[in-house]
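According to our numbering, the stretch in the sequence shown is residues 114 to 264, in order.
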Amino acid sequence: MEKIWMPVVAAVLAFSVTEAQAVDSTGCGLGSMAWRGVSGPEAQILAVTTNTSTGSQTFGITFGTSGCDPNGRVTGGTQKMVLRFVENNMEQYALDAARGEGETLDTLAGLLNMDKRIFAAKSQQNFALIFPDGNVDAVYITNKIFEVIKA
């Protein structure tokens, strides 16, 4: 009997590990905050286990704490969405930010839940801070965007 279950368990574990590597689906909560920035299925499993065992994800969703969106939107994390958008639209964002208008500014303003004109103005006014040279990456730009909108 044990010989029959071993291949089944191995297949389930292989599928689980592959899925865990493909998507970071830990959501918000204390576990997600504690393991933020760590890659791999082990970190995701620890994050989910911590979220589940402490009930912090449910609490965070209810009260807008532990990295959960206080407005209750299912977003996947604003900073993560902005990063993904910037990764795919970095050059166009630079052009639009320099002009102070454009579709990338409108889209980013929507992701950030900001007025389009205010975000466009902040991007244009802080262009040199966001793009100090041609060697910046999407993570740097995303961090600067959040610095600029908090200022």
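Heads up, the beta-carbon is just placed ideally off N, CA and C, and yes, glycines get one too. Please read all numbers here as calculations on a predicted model, not as lab measurements.
Taking only the alpha-carbon atoms, compute the straight-line gap between residue i and residue j and give it to the nearest angstrom.
{"i": "G247", "j": "Q205", "result": "13 angstroms"}
{"i": "I258", "j": "P154", "result": "30 angstroms"}
{"i": "P245", "j": "S169", "result": "39 angstroms"}
{"i": "M227", "j": "G190", "result": "16 angstroms"}
{"i": "R149", "j": "L224", "result": "21 angstroms"}
{"i": "N239", "j": "E200", "result": "19 angstroms"}
{"i": "F172", "j": "F232", "result": "32 angstroms"}
{"i": "E214", "j": "K193", "result": "23 angstroms"}
{"i": "Q237", "j": "G144", "result": "37 angstroms"}
{"i": "D219", "j": "A156", "result": "35 angstroms"}
{"i": "A264", "j": "K235", "result": "10 angstroms"}
By DSSP, does residue i sit in helix, in strand, or in coil?
{"i": "F244", "result": "coil"}
{"i": "I262", "result": "helix"}
{"i": "N239", "result": "coil"}
{"i": "G180", "result": "coil"}
{"i": "V249", "result": "coil"}
{"i": "G150", "result": "coil"}
{"i": "N256", "result": "helix"}
I need the boundaries of the alpha helix (DSSP H) containing residue i, first residue and last residue.
{"i": "A222", "result": "E216 to L224"}
{"i": "V161", "result": "P154 to T167"}
{"i": "V195", "result": "T191 to R212"}
{"i": "G144", "result": "L143 to A147"}
Say whether the stretch 239–255 touches the stretch 203–220, bearing in mind that this needs 3 or more beta-carbon pairs closer than 8 angstroms, one atom from each stretch.
yes
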